[in-house]
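Undergrad: For the record, the sequence lines run as chains Y and U. One gets the working numbering by counting positions in the first sequence from 1 and adding 5 to each. One gets the working numbering by counting positions in the second sequence from 1 and adding 16 to each. Got a structure for you, written out below as structure tokens; questions coming shortly.
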Amino acid sequence: MHPLIELVGVSKSFGGTAALHPTDLAFPPGLTTALIGPSGCGKSTLLRLIIALLKPDTGKVTFDDLEVTETSAQQVRRRVGYVIQEGGLFPHLTARANVLLLSRHLGRPASKMEERLEQLCSLSRFPRNGLDRYPAELSGGQRQRVSLMRALMLSPEVLLLDEPLGALDPLVRSSLQKDLKEIFARLKQTAVLVTHDMGEAAYLADEIVLMNEGRIVQRGTVVDLRDHPASAFVSEFINAQRSAAF
Amino acid sequence: MKARALFGLSLLLTTTAVDAEKPVVVGSKKFTESYVLGGIAKTVLERAGFPVQERAGMGGTIILWQALRGAQIDVYPEYTGTIGEEILKTKQPLSQDEMRRALARFDVGISADLGFNNTYALVMRRTEAERLGIRSISDLRRHLELKVGLTHEFLDRQDGWRPLAATYGLTMPNVSGIDHAIGYAALAKSSIDVKDAYSTDAKIQENDLVVLRDDLHFFPEYKAVFLYRLELDPRAIDALNHFGRIDEEKMTSLNAAAERSKDYAYAASLYFHSAPNDAAPRRDLGPKLARWIGRHLQLAGISLLLSVLIGLPLGIVASRGGPIGQAILAVVGMIQTIPSLALLALLVPVPFLGISATTAIIALFLYGLLPIVRNTATGLQDIPPALRDSAIALGLEPAARLRKIYLPLASRTILAGIKTSAVINIGTATLAALIGAGGLGEPILSGLNLNDNATILEGAIPAALLALLVQGLFDLLDRFLIPRGLRL
Chain Y
6 MHPLIELVGV SKSFGGTAAL HPTDLAFPPG LTTALIGPSG CGKSTLLRLI IALLKPDTGK
66 VTFDDLEVTE TSAQQVRRRV GYVIQEGGLF PHLTARANVL LLSRHLGRPA SKMEERLEQL
126 CSLSRFPRNG LDRYPAELSG GQRQRVSLMR ALMLSPEVLL LDEPLGALDP LVRSSLQKDL
186 KEIFARLKQT AVLVTHDMGE AAYLADEIVL MNEGRIVQRG TVVDLRDHPA SAFVSEFINA
246 QRSAAF
Chain U
17 MKARALFGLS LLLTTTAVDA EKPVVVGSKK FTESYVLGGI AKTVLERAGF PVQERAGMGG
77 TIILWQALRG AQIDVYPEYT GTIGEEILKT KQPLSQDEMR RALARFDVGI SADLGFNNTY
137 ALVMRRTEAE RLGIRSISDL RRHLELKVGL THEFLDRQDG WRPLAATYGL TMPNVSGIDH
197 AIGYAALAKS SIDVKDAYST DAKIQENDLV VLRDDLHFFP EYKAVFLYRL ELDPRAIDAL
257 NHFGRIDEEK MTSLNAAAER SKDYAYAASL YFHSAPNDAA PRRDLGPKLA RWIGRHLQLA
317 GISLLLSVLI GLPLGIVASR GGPIGQAILA VVGMIQTIPS LALLALLVPV PFLGISATTA
377 IIALFLYGLL PIVRNTATGL QDIPPALRDS AIALGLEPAA RLRKIYLPLA SRTILAGIKT
437 SAVINIGTAT LAALIGAGGL GEPILSGLNL NDNATILEGA IPAALLALLV QGLFDLLDRF
497 LIPRGLRL
């Protein structure tokens with residue numbers, strides 16, 4: 006299958022410290038891939054490189070065969086949805102205005118936008134009467150749902166999620182995990198999920214990419230990782246997560 | 017919207033800078049006698065059929081002389097001694113004809129002398145002078161313990177304190193600079209013992225002071241004259257030369273009337289028709305106050321608008337840091353450290369500015385920049401990185417990010433900067449009166465000049481109230497301009 010996003014020899018360092026060693030990685034369409042690993046392993050850096058929030062030191066990132074550069078970045082970003090921890094909602098705009106911001110800016114017809122908003126509300130289980138509230142008036146879980154709606158508004162080809170559920174309490178978190186899984190399945194959405202939670206990765210992702218210290222350690226399904234760990238680190242990481250859960 | 021604001025602004029600027037009728041502009045210095053002589057010149061010219069605009073109490077010799085040369089004024093009263101020492105800077109006393117020829121090189125003419133000599137003098141309290149047996153300036157040598165308080169101009173003049181002290185051998189250690197009008201109060205309270213005065217000063221009689229005899233003939237003659245631009249209509253020049261004479265006694269009584277009534281125009285009118293004693297016209301505060309406040313708001317408002325229009329983009333550039341950003345913050349910060357009085361004085365010699373409302377507006381505009389630039393830069397820099405990333409990742413162009421996300425997020429801080437600028441501007445605009453730009457500084461200045469607290473308060477109280485009002489208005493404005501989501 007032709008990959009939608011491809012990284013070839015991409016590396017990035019900050020102030021002499023390598024955050025990501027030269028890496029090759031491709032994301033196939035229609036699947037959810039989880040980037041997992043301990044803090045500082047380079048998983049968020051990788052995600053930020055895809056959407057051109059960072060510029061690679063070496064190598065190149067391509068999106069649908071288009072190289073991601075300063076000039077093409079705008080075009081790529083509009084084909085990608087991006088959700089971060091705590092939502093990144095703009096506090097001066099209502100939920101509705103946050104979701105519609107880009108389509109209004111692009112001058113999309115109002116009736117089309119309303120229709121889409123309607124769909125997204127039911128898809129992400131967000132109450133319609135919450136649309137006119139400001140982010141400060143919403144709960145943490147509701148904010149993440151709005152953030153997801155904003156990312157999905159223009160039907161992006163890829164959804165990038167950077168620890169989207171990291172700041173939520175366990176009950177809200179598990180209900181959102183369920184809804185996310187349903188959405189991914191329903192939309193056949195290509196998605197890249199950054200998380201440090203093995204259970205979440207196993208539940209949501211078709212494939213897992215385990216990273217450590219700026220390198221990819223192993224790639225495969227959760228069963229592959231559990232039964233055929235590539236190194237001692239892989240089993241340690243999986244076991245540590247399991248003992249934390251029980 | 018923006019275009020309309022700019023249009024309104026340019027309209028206001030042109031109406032303040034240009035007058036259709038081209039009246040003869042009469043200036044005067046910032047002391048009673050000069051105000052009165054200015055008023056007399058105004059009436060003389062009006063009677064000769066000229067429209068006249070008065071720019072009363074503009075400042076000291078240098079400001080008036082430069083305004084005359086720069087054609088911002090056409091006429092002002094001056095003294096022969098000052099012309100020789102301060103303007104032409106000659107060591108020898110000049111004859112009237114020599115003076116006329118020297119001034120003609122600057123395209124300036126000099127009228128016949130008005131009939132009195134208002135020389136500098138040193139004065140003391142009569143009781144103190146009699147107790148110490150001091151009659152002449154030479155007698156001061158025996159009492160070097162006396163405290164001397166002098167106007168700043170006299171301290172620095174070529175014919176002022178230093179050469180006077182050298183001529184008479186006065187070596188007293190206690191010499192300080194003090195405002196002329198405040199000096200009389202200081203003299204009355206014995207805070208100082210000796211001060212400089214003008215020989216026709218009404219305060220000499222009023223405060224029971226004695227003039228010390230200039231026994232070494234140090235002070236040159238200070239005959240009053242009008243200086244005018246040679247380009248002035250010959251009929252106007254003729255009128256200024258032939259309206260009559262004012263002797264010392266008359267001048268002293270006009271000065272006294274001016275200080276009693278606190279109305280210079282009334283005192284000037286007494287020269288033409290001696291009114292019954294003390295029948296000063298009632299001063300109508302209402303219309304005057306409205307005029308001062310109107311002008312004050314105009315000065316502060318236009319300058320604030322300029323500060324916002326220029327400061328906001330500068331703040332946006334400064335928020336990006338780098339050498340340019342740092343340079344912007346350094347320059348606007350430096351402007352703020354220049355004392356406001358000095359900034360006005362620095363701007364007056366700039367071509368096309370001079371003594372005008374435009375100069376005052378530019379000075380106020382420069383002062384208003386720092387709070388707006390700094391707050392805009394800080395407000396933008398303080399936006400959380402996660403929100404910046406979200407705005408970029410969403411795919412908005414840089415200009416749209418700024419307009420739709422960053423500026424609204426920084427609006428509270430930016431508005432706080434604008435509010436600070438507005439309040440500072442209202443306060444600083446009182447100094448505009450120093451260069452004849454009017455506003456609430458006008459009564460404050462003449463009050464200082466007359467040593468009259470009531471007149472000072474006529475300007476100071478409305479200025480303070482205005483500052484409070486502006487603060488309140490901006491607090492209200494916050495509700496409209498700061499997005500509701502940021503106020504939760």
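Ideal Cβ positions, reconstructed from N, Cα and C, are used throughout, including at glycine.
1. DSSP puts THR38 of chain Y in a beta bridge; with which residues?
2. Does LEU59 of chain Y pass the burial test, meaning 16 or more other C-beta atoms within 10 Å, or should it be called exposed?
3. Consider the Cβ of SER406 of chain U: report whether some Cβ of chain Y lies at a distance smaller than 8 angstroms.
4. Got a sec: is the Cβ-Cβ distance from ALA426 of chain U to anything in chain Y below 8 angstroms?
5. With GLY488 of chain U and SER437 of chain U assumed to form a contact (beta carbons below 8 angstroms), what rounded beta-carbon distance in angstroms separates them?
6. Is it the case that the stretch 371–391 of chain U contacts the stretch 316–328 of chain U, given that we only count it when at least three CB pairs across the two stretches are under 8 angstroms?
7. Buried or exposed: PRO297 of chain U, going by 16 or more other Cβ atoms within 10 Å of its Cβ?
8. For PRO292 of chain U and ALA449 of chain U, I'd like the C-alpha separation in whole angstroms.
9. What's the C-alpha gap between ILE221 of chain Y and ARG191 of chain Y?
10. Here's a check: name, in chain order, each residue in its chain whose Cβ is nearer than 7 angstroms to the Cβ of ALA255 of chain U, leaving out the five neighbours to either side.
11. Nearest CA to the CA of ARG158 of chain U: which residue from U:ASP491, U:TYR184 and U:HIS196?
12. Does the Cβ of ILE126 of chain U have 16 or more other Cβ atoms within 10 Å, making it buried, or fewer, making it exposed?
13. With 8 angstroms set as the bound, which would you pick, yes or no: does the beta-carbon of LEU198 of chain Y sit closer than that to a beta-carbon of chain U?
14. Using a Cβ distance threshold of 8 angstroms, determine whether the stretch 39–50 of chain U contacts the stretch 65–85 of chain U, with at least three qualifying pairs required.
15. Which same chain residues, not among the five before or five after THR31 of chain U, have their C-beta less than 6 angstroms away from its C-beta?
16. In its own chain, which residues sit with a C-beta less than 6 angstroms from the C-beta of LEU110 of chain U, not counting the 5 before and 5 after it?
17. Any C-beta of chain U sitting closer than 8 angstroms to the C-beta of GLN79 of chain Y?
18. For GLU218 of chain Y, tell me which candidate among Y:PRO132, Y:THR226, Y:PHE238 and Y:PRO96 has the shortest Cα-Cα distance.
19. So does the stretch 302–317 of chain U actually touch the stretch 239–256 of chain U, counting three or more Cβ pairs closer than 8 angstroms?
20. Is ALA393 of chain U helix, strand or coil when you go by DSSP?
21. For GLY338 of chain U, go through chain Y and note every residue whose CB falls closer than 7 angstroms to its CB, in chain order.
22. So, helix, strand or coil for ASP300 of chain U, using DSSP?
23. May I ask which residues mark the beginning and end of the alpha helix (DSSP H) holding VAL228 of chain Y?
24. Run through chain U and tell me which residues come within less than 9 angstroms of TYR139 of chain Y, C-beta to C-beta.
25. Using a cut-off of 7 angstroms between C-beta atoms, extract the partners of ALA416 of chain U located in chain Y.
26. Would you list, in chain order, the members of the stretch 65–95 of chain Y that have their beta-carbon closer than 7 angstroms to a beta-carbon of chain U?
27. Name the residue from U:ALA252, U:ARG141 and U:SER206 whose alpha carbon lies nearest to the alpha carbon of PRO67 of chain U.
28. Output needed for VAL73 of chain Y: all residues of its chain with C-beta closer than 6 angstroms, excluding positions within five of it in sequence on either side, in chain order.
29. Could you pull out every residue in the same chain whose Cβ sits closer than 7 angstroms to the Cβ of ILE399 of chain U, ignoring the five residues on either side in sequence?
30. I want to know whether the stretch 466–479 of chain U touches the stretch 406–415 of chain U - three or more CB-CB distances under 8 angstroms.
31. Could you pull out every residue in the same chain whose Cβ sits closer than 6 angstroms to the Cβ of LEU104 of chain U, ignoring the five residues on either side in sequence?
32. As an exercise, report each continuous beta strand (DSSP E) stretch of at least 3 residues that is fully enclosed by the stretch 380–425 of chain U, in chain order.
33. Can you check whether the C-beta of HIS97 of chain Y is within less than 8 angstroms of a C-beta belonging to chain U?
34. Quick one: Cα of ARG121 of chain Y to Cα of LEU136 of chain Y, how far?
35. Please list the terminal residues of the continuous alpha helix (DSSP H) segment that includes TYR280 of chain U.
36. By a C-beta neighbour count over all protein chains shown, 10 Å radius and 16 as the cutoff for buried, is VAL15 of chain Y buried or exposed?
TA: Put simply:
1. By 1-based counting over the first sequence, the position of residue 38 of chain Y is 33. Beta-bridge pairing by DSSP links THR38 of chain Y to Y:VAL197 and Y:GLU212.
2. Position 54 of the first sequence, counted from the first residue, corresponds to residue 59 of chain Y. Buried, since its Cβ has 16 or more Cβ neighbours within 10 Å.
3. Position 390 of the second sequence, counted from the start, is the residue given in the question as residue 406 of chain U. It does; some Cβ of chain Y falls within 8 angstroms.
4. Working through the second sequence from its first residue, we reach residue 426 of chain U at position 410. False, the Cβ-Cβ gap to chain Y never drops below 8 angstroms.
5. Here residue 488 of chain U refers to the residue found at position 472 of the second sequence. Here residue 437 of chain U refers to the residue found at position 421 of the second sequence. Actually they do not touch by this definition, with Cβ atoms about 16 angstroms apart.
6. yes
7. Here residue 297 of chain U refers to the residue found at position 281 when the second sequence is read from its first residue. Reliability of the predicted coordinates at PRO297 of chain U is poor, the pLDDT of 49 falling under 50, and no value is obtained from them.
8. Locating residue 292 of chain U in the second sequence gives position 276, counting from the first residue. Locating residue 449 of chain U in the second sequence gives position 433, counting from the first residue. Residue placement at PRO292 of chain U cannot be trusted, given a pLDDT of 44 that sits under 50; the coordinates are not used to answer.
9. Taking the first sequence and counting its residues from 1, one reaches residue 221 of chain Y at position 216. Taking the first sequence and counting its residues from 1, one reaches residue 191 of chain Y at position 186. ILE221 of chain Y and ARG191 of chain Y have their C-alpha atoms roughly 30 angstroms apart.
10. Here residue 255 of chain U refers to the residue found at position 239 of the second sequence. Beyond the five residues adjoining it in sequence on each side, ALA255 of chain U comes within less than 7 angstroms, by CB distance, of VAL60, LEU61 and ALA64 in the same chain, given in chain order.
11. Residue numbering aside, residue 158 of chain U sits at position 142 when the second sequence is read from its first letter. Residue U:TYR184 is the option with its Cα nearest to ARG158 of chain U.
12. Stepping through the second sequence from its first residue, residue 126 of chain U is reached at position 110. Its Cβ being crowded by 16 or more others within 10 Å, ILE126 of chain U is buried.
13. The sequence position of residue 198 of chain Y within the first sequence is 193, counting from 1. Chain U, which has no Cβ nearer than 8 angstroms to the Cβ of LEU198 of chain Y, makes this no.
14. yes
15. Taking the first residue of the second sequence as position 1, residue 31 of chain U is located at position 15. Only weak support is given to the placement of THR31 of chain U: the predicted model assigns it a pLDDT of 40, under 50, and the value that follows is read from those uncertain coordinates. Hits under 6 angstroms: none found.
16. Residue mapping note: residue 110 of chain U aligns to position 94 of the second sequence, counting from 1. These residues qualify, in order along the chain: GLY100.
17. Your numbering for residue 79 of chain Y matches position 74 in the first sequence. GLN79 of chain Y counts as touching chain U.
18. Position 213 of the first sequence, counting from 1, holds the residue named residue 218 of chain Y. Comparing Cα-Cα distances from GLU218 of chain Y to each of Y:PRO132, Y:THR226, Y:PHE238 and Y:PRO96, the minimum goes to Y:PHE238.
19. no
20. Along the second sequence, one-based indexing puts residue 393 of chain U at 377. Correct three-state label for ALA393 of chain U: helix.
21. Position 322 of the second sequence holds residue 338 of chain U. In chain order: nothing, as chain Y lies at least about 18 angstroms away.
22. By one-based count along the second sequence, residue 300 of chain U stands at place 284. Coil at ASP300 of chain U, not helix or strand.
23. Counting from one through the first sequence, the residue named residue 228 of chain Y turns up at place 223. Taken as a continuous stretch (DSSP letters only), the alpha helix (DSSP H) holding VAL228 of chain Y covers 227–232.
24. Locating residue 139 of chain Y in the first sequence gives position 134, counting from the first residue. In chain order: PRO499, ARG500, GLY501, LEU502 and LEU504.
25. Locating residue 416 of chain U in the second sequence gives position 400, counting from the first residue. Correct list: HIS110.
26. GLN79, ARG82, ARG83, TYR87, ILE89, GLU91, GLY93 and PHE95
27. By 1-based counting over the second sequence, the position of residue 67 of chain U is 51. It is U:ALA252.
28. By one-based count along the first sequence, residue 73 of chain Y stands at place 68. Correct list, in chain order: ALA57, VAL66 and VAL81.
29. Counting from 1 along the second sequence, the entry for residue 399 of chain U is found at position 383. TYR422, LEU425 and ALA426.
30. Result no; under three Cβ-Cβ pairs closer than 8 angstroms.
31. One-based indexing of the second sequence puts residue 104 of chain U at position 88. So the list reads ALA118, once near-sequence residues are dropped.
32. none
33. Taking the first sequence and counting its residues from 1, the one referred to as residue 97 of chain Y is at position 92. True, the Cβ-Cβ gap to chain U drops below 8 angstroms.
34. As a first step, residue 121 of chain Y must be located in the first sequence, where it is residue number 116. As a first step, residue 136 of chain Y must be located in the first sequence, where it is residue number 131. Answer to the nearest angstrom: the Cα atoms are 13 angstroms apart.
35. In the second sequence, the residue the question calls residue 280 of chain U occupies position 264. Looking at the DSSP string, the run of the alpha helix (DSSP H) that includes TYR280 of chain U is 280–288.
36. Taking the first residue of the first sequence as position 1, residue 15 of chain Y is located at position 10. Counting Cβ neighbours within 10 Å, VAL15 of chain Y comes out buried, since at least 16 surround it.
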